[in-house]
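Residue numbers (our numbering), protein chains in the order written: chain A, 13 to 325; chain B, 13 to 325; chain C, 13 to 325; chain D, 13 to 325. All C-beta atoms, glycine included, are put in the ideal place defined by N, C-alpha and C.
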């Protein structure tokens, strides 16, 4: 008999909406479409229970989780599946480093804390990580804030026998992985890269934050693409796109006898779906690592993150 | 001291133009741009000498090879490098299965016969293969005609200690490899393919032939893409494109919770460059296999062909 | 008090499905989205009644029109609006030039005969036109078959005081009009066209017919684009696209000091919607011209057809 | 016998390079490719003489104009035409509003002052306009700074019998005109716009300035596109593009029965060529208006500017 993973989540934004709705969708339809790993260390996609949730905005705190995920500015679409109340009431989250103890108490019974708030507040991210340490809960940092890249923090999780995963979620299928794959293909086939660019457009609140504070994200993208010939245009926040992301990629190269090769790509995805499709795996990795007493960084998580330990902060 | 590979070529079309001009280009500039393997089994890109050439059209037969490669309908551009006469006068090629002995005699001194004529005349391809067998020369079939896929023929090459490579050259960087790579990426990331298409447009004589006789090529493409959800639009022969090829690819998939993922790609390459970039490797594989007495199919060639032995004819 | 136009239709394919469903959609929702002319000579979009319908396939003849429009191979989507039975039972259509009298009798009470069968059977098209003449009904030919371009036929409609409209419907918003508009813009701005291509991909039965018998359609496209520098790639019949059409257009030009200008366009539309959006206007033009006794070619129709009278057959 | 127009230019950037080189190119080749109006009020493209030039950077001031146009950060390519010294030595330009008299004296003999400096310094633009007024010379403002939109200034030019043209050059063929044309086409055909975006990428110094100070340019673009449903992504300064500009446009609309219509466009141009192709007309309009004593705003110029008099500043 499988025991469901017990998950606490910080941030009730689009990514949480996609994750929560998707788990319910797969549970009720039995569909396997779009699933990376139907079983991961014995846990299915449907074997996830949310037990605690934290948010900050008035429209979410105090609401049932299944209601809060539709509060503005969330704009991930409502999936076509019935969604009964969850029984989890969204709690008030941290706004600074005080309150760690309160959070730790709320985490009782949870196995994994999924940190899915907006990037750009490393102090808050770290406060939740401290609460997880205190409560004996695994921590998954999906933001670009450096948590798993902080070696002293990683060491403390390791010593406590607690898994720590991060930083900066690589989408299940986003512009970085497509770009990287095509650049690697070029190289494998012996072509010489001349130039390349990537433009990302999106309409979520997370996107707006990144567009206004591009620095940490850009470094993280660079970690993922790894070539100075690849240029990133500024993020474009276009509200009408809602939770869709559109990326325009261009690659100019030279092949045999220096003749030109051009590739233009347009990619359209639902950003929160790409996050949920990876979070579902990270949660299961974290939960099963915790259960088997493996603290620190689980190697199998690294492929899903843009800035794992050892990359530039 | 390196001994240059001695190559005979059948077909003085665009692919031969790109190969001949490119070798001269790299020799005179020292550039390494667009080269897959600068050294392959000890042979550099510049270590290729053309010693015999066969063609059919009046405008090519009897001309110096370095002049014949610019005769219409060839339309690969003239590269920016001086090209002195080669000393090789283009000979009259076969139009049916008679004349094998004549060809075999002309092959004396050659190590590799590169069969680079238009696809669609398997009888002629086979006649040249017989001539290679007779002359003790390795054979490289770049066309979609089934030669290396013919097991009895492959066995005879093997027994004679002669390498046989084919069929249907995979371009160094063409629509098939890009398409295949992205489809594989989808699968690796757990997305579910919904539909996909590929449109190829080009302006070479070879393209015109394929557009008018699509069957054998289409099977070969299907061997390369390997999914029934991928649809090929008819080839478009657009003369103004000359030796450029443009491909439009589309991929529709579903990710987490069945949300949509779309990829649109436009690829622009010089088709003959893509062929030359692979031929340069196949020639070196064939020459060095011959020198070391390895007959039959050299395993390292398979990755460069769309329909290697064992795939459908 | 507006009297609804009474329409007979030949062909119960996707275009008829889009037209019939769309009129019902606008009637029931009151929406004005996507409507070119809410009122045309006093008739609204909702002021159309279908009174007779002809088809050939077993799956359609004998069925109610509102049921027949969903029979395969039709693949235009079912719109989100309730569709009660129409009361019009689909009749058996013509398969050769006999039966004109039978059709004429069935047309009693109709004002407009919309000929919306597949292109490629000019004899059948002409037979229906003769029936319209006999019955005193206006005729709208949406196919590429030359009917309105036949001056003797046009003259007979004119003399009978009956409107005749055709040939070859220009989509409300299709690849031809987008291509033409951009080519004209180039010219207006003083750029010099170097080359251009257009690829059309679709999944309807009509598309399959055109892909297999491209000649008449191609001439009609050429009439619409009017430049020999524009090349049409062969139509690609891709069943999975269903009633969607995708067009890839490319325009290469030269501007100031002969520097390069490139335009690449991808257009995605529902082909039957593009047809219905024009048919709704042609029907209203035909009905009101008939009511006011204007026979022959109504000038206001010409803009909506690719091959109006006076262009090449 | 035609008397050449005598032109002074402020700013020796890429646009001036394209204009100066292009005039020389057309003069020496006799080509008419890419020319909007071979003759305009009797003046040909070759009937332009540069008589004075102002710049600020050390690498340009004191150099012959035909040498200065290649000084970095200029990156418009060197055209394939011989370019003998011009005899015009680039002078030191204004850095604030002082020096108007010095400029006016230098303008003696000139008929038109083409103000082609970077946007974003309205005080400097105005100082040159004052110098033109003082010297009795027509003024053409190609920047987004409000000069022709300043009614009191326009009135003074009008009273002095001097033409004043501006503001913000519409490219001969740029993203604004393509976008606007397609949006108008949608409307003409009765489709309903749902959403639209535009991303512009470029590598010139001018582009860098605009990317860093987007406000005035954005208002000007909005004047040109005129719909709140059209969203502009931030400009992307990608140095490797040099003087090329790439724009990605998307248009989502609804047609008949609210079915979806999508248009994706990729446009690639040399930005300075697009400017030169319009400047050549504005100079000729200004020169001939001056010669015939028509002061103020010449109506025929308005179509070439994004923010003519009467639009928002």
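With DSSP run on the structure shown, which of helix, strand or coil describes residue 264 of chain D? By 1-based counting over the fourth chain, the position of residue 264 of chain D is 252. In the structure shown, residue 264 of chain D sits in a strand (DSSP, three-state: E or B).
Using a Cβ-Cβ cut-off of 6 Å (strictly less than) and excluding sequence neighbours within five positions of residue 219 of chain D, which residues of its own chain qualify? Translated into the one-based positions of the fourth chain, residue 219 of chain D becomes position 207. Correct list, in chain order: 249.
Taking just the CA atoms, how far does residue 87 of chain C sit from residue 47 of chain A? Counting from one through the first chain, the residue named residue 47 of chain A turns up at place 35. Counting from one through the third chain, the residue named residue 87 of chain C turns up at place 75. For residue 47 of chain A and residue 87 of chain C, the distance between alpha carbons rounds to 29 Å.
Closest residue to residue 120 of chain C among C:62, C:207, C:179 and C:304 (Cα-Cα distance): On the third chain, residue 120 of chain C is found 108 positions in, with the first residue counted as 1. Considering only alpha carbons, the answer is C:62.
Could you give the C-beta distance for residue 280 of chain B and residue 256 of chain B, rounded to a whole number, given that I count them as a contact under 8 Å? Reading the second chain from its first residue, position 268 is the one you call residue 280 of chain B. Reading the second chain from its first residue, position 244 is the one you call residue 256 of chain B. Residue 280 of chain B to residue 256 of chain B, Cβ: 6 Å. Contact.
Closest Cα partner of residue 108 of chain A within the set A:101, A:139 and A:98: As a first step, residue 108 of chain A must be located in the first chain, where it is residue number 96. Per the Cα distances, A:139.
Give me, in chain order, the residues of the same chain whose beta-carbon lies closer than 8 Å to that of residue 332 of chain A; leave out the 5 immediate sequence neighbours on both sides. No statement about residue 332 of chain A is possible, as the shown extent of chain A runs from 13 to 325 and does not include it.
Report the neighbours of residue 34 of chain C on chain D: residues whose CB is nearer than 8 Å to its CB, in chain order. In the third chain, residue 34 of chain C corresponds to position 22, counting from 1. By Cβ distance, chain D contributes 268 and 269.
When Cβ atoms are compared, which residues of the segment 235-258 of chain A fall closer than 9 Å to chain D? 241, 243, 244, 245, 246, 247, 248, 249, 250, 251, 252, 253 and 258
Could you run through the segment 207-224 of chain C and flag, in chain order, every residue whose CB is less than 8 Å away from some CB of chain D? none
Grab me the residues of residue 299 of chain C's own chain with a C-beta within less than 6 Å of its C-beta, minus the 5 sequence neighbours each way, in chain order. If you number the third chain from 1, residue 299 of chain C lands on position 287. Hits under 6 Å: 17, 123 and 124.
Count the other CB atoms within 10 Å of the CB of residue 163 of chain A; is the residue buried (16 or more) or exposed (fewer)? In the first chain, residue 163 of chain A corresponds to position 151, counting from 1. It counts as exposed.
For residue 80 of chain B, which beta-bridge partners are listed by DSSP? Counted from its first residue, the second chain places residue 80 of chain B at position 68. For residue 80 of chain B, which the question treats as bridged, DSSP gives no partner whatsoever.
Under 7 Å, Cβ to Cβ, is there at least one residue of chain C near residue 47 of chain D? For the purposes of this step, residue 47 of chain D is taken as residue 35 along the fourth chain, with counting starting at 1. With 7 Å as the cut-off, residue 47 of chain D counts as an interface residue toward chain C.
Decide if the segment 25-42 of chain C is in contact with the segment 58-72 of chain C; the criterion is three or more beta carbon pairs, one per stretch, under 8 Å apart. yes
Pick from A:316, A:308 and A:92: whose alpha carbon is nearest that of residue 181 of chain A? Mapped onto the first chain, residue 181 of chain A falls at position 169. Closest option to residue 181 of chain A, Cα to Cα, is A:316.
Counting Cβ pairs closer than 8 Å, one from the segment 29-36 of chain C and one from the segment 283-290 of chain C, do we hit at least three? yes
Can a CB atom of chain D be found closer than 7 Å to the CB of residue 311 of chain C? Within the third chain, residue 311 of chain C is the residue found at index 299, counting from 1. Closer than 7 Å: no.
Taking the alpha-carbon positions, what's the residue 116 of chain C to residue 183 of chain C distance? As a position in the third chain, residue 116 of chain C is number 104, starting the count at 1. As a position in the third chain, residue 183 of chain C is number 171, starting the count at 1. Distance between the alpha carbons of residue 116 of chain C and residue 183 of chain C: 29 Å.
Between residue 316 of chain B and chain C, is there a C-beta pair that is closer than 7 Å? By 1-based counting over the second chain, the position of residue 316 of chain B is 304. Cβ-Cβ to chain C under 7 Å: no for residue 316 of chain B.
Taking residue 260 of chain D as the reference, which of D:151, D:319, D:210 and D:113 has the closest Cα? Residue 260 of chain D sits at position 248 when you count from the first residue of the fourth chain. The residue with the shortest Cα to Cα distance from residue 260 of chain D is D:210.
Buried or exposed, going by whether 16 or more other CB atoms sit within 10 Å of the CB of residue 324 of chain B? As a position in the second chain, residue 324 of chain B is number 312, starting the count at 1. Classification for residue 324 of chain B: exposed.
Specify the secondary structure class of residue 309 of chain A as computed by DSSP and reduced to three states. Your numbering for residue 309 of chain A matches position 297 in the first chain. Residue state, collapsed to three classes: coil.
On the CB-based measure, 16 or more other CB atoms within 10 Å of its CB, does residue 202 of chain C come out buried or exposed? Against the third chain, residue 202 of chain C aligns to sequence position 190. Answer is buried; the Cβ neighbour count reaches 16.
Interface residues of chain D facing residue 198 of chain C [CB-CB closer than 8 Å]: Start at 1 with the first residue of the third chain, and residue 198 of chain C comes out as number 186. Within chain D, the residues near residue 198 of chain C are 185.
Using a Cβ-Cβ cut-off of less than 9 Å, give me the residues of the segment 273-290 of chain B that come near chain E, in sequence order. Although the question refers to chain E, the structure presented lacks it and instead comprises the protein chains A, B, C and D.
Among D:66, D:251, D:271 and D:313, whose alpha-carbon lies nearest the alpha-carbon of residue 130 of chain D? In the fourth chain, residue 130 of chain D corresponds to position 118, counting from 1. Minimum Cα distance to residue 130 of chain D is reached at D:66.
Under 7 Å Cβ-Cβ, which residues of chain A neighbour residue 91 of chain B? Here residue 91 of chain B is taken as the residue at index 79 of the second chain, counted from 1. Chain A residues near residue 91 of chain B: 269.
Can you give the Cα-Cα distance for residue 113 of chain D and residue 126 of chain D, rounded to whole angstroms? Taking the fourth chain and counting its residues from 1, the one referred to as residue 113 of chain D is at position 101. Taking the fourth chain and counting its residues from 1, the one referred to as residue 126 of chain D is at position 114. So the alpha carbons of these two residues sit roughly 17 Å apart.
Which whole runs of the beta strand (DSSP E) in the segment 115-168 of chain C are 3 residues long or more, in chain order? 124-127 and 150-153
Using a Cβ cut-off of 7 Å (strictly closer), state whether residue 202 of chain D contacts chain C. Taking the first residue of the fourth chain as 1, we reach residue 202 of chain D at position 190. By this cut-off, residue 202 of chain D is an interface position.
Along the segment 40-66 of chain D, what residues have a CB closer than 7 Å to any CB found in chain C? 43, 45, 46, 47, 48 and 49
Just verifying my parser: in three-state terms, what is the DSSP assignment at residue 27 of chain B? Walking along the second chain from the start, residue 27 of chain B turns up at place 15. The answer is helix: DSSP assigns residue 27 of chain B an H, G or I state.
Going straight from the alpha carbon of residue 275 of chain C to that of residue 200 of chain C, what length do you get? Within the third chain, numbered from 1, the residue matching residue 275 of chain C stands at position 263. Within the third chain, numbered from 1, the residue matching residue 200 of chain C stands at position 188. Their backbone Cα atoms lie some 16 Å apart in a straight line.
Give me the Cβ distance between residue 217 of chain D and residue 85 of chain D, rounded to the nearest whole Å; I'm assuming they're in contact under 8 Å. Working through the fourth chain from its first residue, we reach residue 217 of chain D at position 205. Working through the fourth chain from its first residue, we reach residue 85 of chain D at position 73. Confirmed, about 4 Å.
Distance, residue 44 of chain A Cα to residue 266 of chain B Cα: Here residue 266 of chain B corresponds to residue number 254 of the second chain, with the count starting at 1. Here residue 44 of chain A corresponds to residue number 32 of the first chain, with the count starting at 1. Rounded to whole angstroms, residue 266 of chain B to residue 44 of chain A spans 11 Å at the Cα level.
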